[in-house]
Amino acid sequence: MIDLKKKRNALVSVFNKLNIVKFCQELKKRNYIIYTTTGTYQKLQQSGIHSIELTDYTHFPEIMDGRVKTLHPMIHGGILSRRKIDENTLKKYEMILFDIVVVNFLPLDNLILNPKHTIDTVVDKIDIGGPAMIRSAAKNYKFVTVVVDPNDYCKVIKEIDDYKNNQVSLTTNIQLATKAFEYIADYELNISRFFKEIVLKSEKDKCVFKEDIFLKLKKVDDLRYGENPDQKAALYSFYSSDCSLSKKNMITGNKELSYNNIYDGDIALECVTSFKEPACVIIKHGSPCGVSIGVSAVHAYSSAYKCDPISTFGSIIAFNCLLDEIVVAKIIKNSFVEGILAPEITCSAKKMLSSKKNIRVLIYKIPIKKNNFFEIRSVNGGVLLQEKKNINMDKKWNIVTKRIPSEKEMKDAKFAWLVCKFLKSNGIVCVSDYSTIGIGSGQSSRIDAVKVAINKVKNTNIKFNNIVLASDAFFPFKDCVNLAARNGVTCMIQPGGSIRDNEVIHAANKSNISMIFTQDRTFRH
Numbered sequence: 001m002i003d004l005k006k007k008r009n010a011l012v013s014v015f016n017k018l019n020i021v022k023f024c025q026e027l028k029k030r031n032y033i034i035y036t037t038t039g040t041y042q043k044l045q046q047s048g049i050h051s052i053e054l055t056d057y058t059h060f061p062e063i064m065d066g067r068v069k070t071l072h073p074m075i076h077g078g079i080l081s082r083r084k085i086d087e088n089t090l091k092k093y094e095m096i097l098f099d100i101v102v103v104n105f106l107p108l109d110n111l112i113l114n115p116k117h118t119i120d121t122v123v124d125k126i127d128i129g130g131p132a133m134i135r136s137a138a139k140n141y142k143f144v145t146v147v148v149d150p151n152d153y154c155k156v157i158k159e160i161d162d163y164k165n166n167q168v169s170l171t172t173n174i175q176l177a178t179k180a181f182e183y184i185a186d187y188e189l190n191i192s193r194f195f196k197e198i199v200l201k202s203e204k205d206k207c208v209f210k211e212d213i214f215l216k217l218k219k220v221d222d223l224r225y226g227e228n229p230d231q232k233a234a235l236y237s238f239y240s241s242d243c244s245l246s247k248k249n250m251i252t253g254n255k256e257l258s259y260n261n262i263y264d265g266d267i268a269l270e271c272v273t274s275f276k277e278p279a280c281v282i283i284k285h286g287s288p289c290g291v292s293i294g295v296s297a298v299h300a301y302s303s304a305y306k307c308d309p310i311s312t313f314g315s316i317i318a319f320n321c322l323l324d325e326i327v328v329a330k331i332i333k334n335s336f337v338e339g340i341l342a343p344e345i346t347c348s349a350k351k352m353l354s355s356k357k358n359i360r361v362l363i364y365k366i367p368i369k370k371n372n373f374f375e376i377r378s379v380n381g382g383v384l385l386q387e388k389k390n391i392n393m394d395k396k397w398n399i400v401t402k403r404i405p406s407e408k409e410m411k412d413a414k415f416a417w418l419v420c421k422f423l424k425s426n427g428i429v430c431v432s433d434y435s436t437i438g439i440g441s442g443q444s445s446r447i448d449a450v451k452v453a454i455n456k457v458k459n460t461n462i463k464f465n466n467i468v469l470a471s472d473a474f475f476p477f478k479d480c481v482n483l484a485a486r487n488g489v490t491c492m493i494q495p496g497g498s499i500r501d502n503e504v505i506h507a508a509n510k511s512n513i514s515m516i517f518t519q520d521r522t523f524r525h
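If you're matching positions, the sequence shown starts at 1 in UniProt numbering and goes up one per residue.
In structure tokens form, the structure reads like this:
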């Protein structure tokens, strides 16, 4: 009969073998007997560490090509046993007590994300015994220490040395059990999502929004603060995505990023990567205050800056091209900015910015992985979800006026329509030569948005011949057209769809303005 009091026992079965040899060496020094599955047994044996294979303990082999290894009452009884209460059962069946259970298994994330995977290859890798042992050990946290993360090995050894009876404290056991349950929950969630995708692909009518949605997020950074200094904030990413706006991509600046910096940076990045030509986007308080495309970064920046020089103070600036010392010198000279985003930077430009500790520079990878997840917004007692807004630039537009837009106006109209997507509603943008020259956004009425945009145009020092005006939604009245006509607008682009479309078109014809209907609204709140 096995002496239950002679030594303590550790069950070790790991896929991630980082530091496992050292950990088991330390356990052996502290009088632990180690029981292992085949792969872990071989790893320890290669390093000269003796362990007992679980099959030698259970006298039952691994079967079905390894599908059944540890699903055995001799194993789970030893993990789940309640001290003193279950002693008779242990003695009757000659079970041992497991004091520490160290288990991790093959992560499925990369396998599931691999486009070449099949349902059979994924299912074949689903671990059954590992999660079962973790669950048993975590359930019995009062008596068993469960370890799923190699980063916790040192903590466990230290606790064994510091705590009584060669064991880990109850407080730490609870913490480790919590991590263990989270670990297997994440694992099961990945499997569930994988099977849901299979179901979706087989359905003719795809349901976009399911009855239950599970979000798996991981913390990327703690932020300096939220929208205001008294609000705490953090940046999280989806497990299947890298976040372009994380601190790890920051190459200059010693100030932590805030919630507002990340929010503005995301809009800037989404907008600037919409263009193929060298482009610059300047964002302030969640809305563009200058956008331009040009032959170079400095050309694009100069035009974007001229649109609204005052509002660029404290802004986020994004480029889709090389950031060089010429454009950096202009930025530093013109105004203080919170941050700059670019796909690459010259050594000279980086050196210039290294002394500007309050300007954060983030380098993102091209092509960026567009955020195709739903947009999420908290509401009282729940969340709102919606699909991302995408603009189909290949969609046929309707010219509804007698005057046809010139080739130049049509090009500016396409540029203006792309910019319009990123304005806060009600949003109006005036454009000339691939540059914004006046932006009115976030207004409660459309006429006020037009007034703001026109006023910006009047105050700019940009020279232009024709003005194209874009609106994120239809014009409810002809007053917007009349105001635009009085201030040099020659072409207007809007979704259309108002009950007064005929009045609006008539006003445009009367003022000799060309008008384009996109039949696609771009509200943004």
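From the three backbone atoms N, C-alpha and C, an ideal C-beta is built for every residue, glycine too. Fair warning: this is a prediction, and the values are worked out from it, not measured in the lab.
Rounded to whole angstroms, the gap between the alpha carbons of N104 and T171 is 22 Å.
Here the C-alpha atom of C271 lies approximately 28 Å from the C-alpha atom of L483. If you look at P288, you'll find it in the beta strand (DSSP E) that goes 287-293. Boundaries of the alpha helix (DSSP H) harbouring L269: 259-272, taken from the DSSP string.
L323 and A304 have their C-alpha atoms some 15 Å from each other. The beta strand (DSSP E) runs lying completely inside the stretch 408-456 and spanning 3 residues or more are 428-432, 435-440, given in chain order.
Cβ-Cβ separation between N320 and A279: approximately 5 Å, consistent with a contact (criterion under 8 Å). Going by DSSP, Q46 is part of the alpha helix (DSSP H) stretching over 38-46. Looking at the DSSP output, F238 sits in a beta bridge with L217.
Between the beta-carbon of G265 and that of G339 there is about 6 Å, and that keeps the pair under the 8 Å contact cut. Distance from the Cα of N173 is smallest, within the candidate group I85, V102, Q46, F15, for V102. In the structure shown, the three-state DSSP call for F60 is coil. For K92, the closest C-alpha among the options L106, P73, N110 is that of P73. Take the alpha-carbon of S246 and the one of L223: they are about 10 Å apart. Take V148, set aside five residues on each side of it, and the residues of its chain with a beta-carbon closer than 7 Å to its own are V103, N104, I134, K179, A180, Y183, in chain order.
Taking a cut-off of 8 Å for Cβ pairs, the stretch 498-512 and the stretch 371-387 do not touch, as fewer than three such pairs fall below it.
Of D212, N358, I157, A416, the smallest CA-CA separation from E256 is found for N358. Excluding the 5 residues flanking it on each side, E197 has no same chain C-beta neighbour closer than 8 Å.
Per DSSP, reduced to three states, the secondary structure at Y141 is coil, with no helix or strand assignment. Within the stretch 95-158, the complete alpha helix (DSSP H) segments of 4 residues or longer fall at 109-113, 119-125, 129-139, listed in chain order. Taking a contact as a CB-CB distance under 8 Å, the pair L11 and Y41 does not count as one, their CB atoms being some 12 Å apart. The beta carbon of S432 sits closer than 8 Å to the beta carbons of D412, I462, F464, N465, N466, I467, V468 from its chain, once the five residues preceding and following it are set aside; these are given in chain order. As the crow flies, the alpha-carbon of I345 is around 16 Å from that of S244. At least 9 Å separates the beta-carbon of K356 from that of I437. When DSSP assignments are scanned along the stretch 336-408, the uninterrupted stretches of alpha helix (DSSP H) that are 4 or more residues long and fall wholly within it turn out to be 347-354. For K164, the secondary structure class from DSSP, reduced to helix, strand or coil, is helix. Selection D109, F275, L362, S406 evaluated against S514 yields S406 as nearest (Cα-Cα). When C-alpha distances from I128 are compared across M64, T490, N140, the shortest belongs to M64. Within the same chain, Cβ atoms closer than 7 Å to the Cβ of G286 are found at Y263, D264, I267, K424, the five residues on either side in sequence being excluded.
Here I79 is near F98, since their CB atoms are less than 9 Å apart. In the three-state reduction of the DSSP assignment, I251 falls in the strand class.
A straight-line Cα-Cα distance of about 30 Å links S444 and Y301. Pairing N110 with V144, the inter-Cα distance amounts to about 31 Å. Y236 counts as exposed, since fewer than 16 other C-beta atoms from the protein chains shown sit within 10 angstroms of its C-beta.
Pairing V68 with P131, the inter-Cα distance amounts to about 13 Å. Around the beta carbon of V295, fewer than 16 other beta carbons lie within 10 angstroms, which makes this residue exposed.
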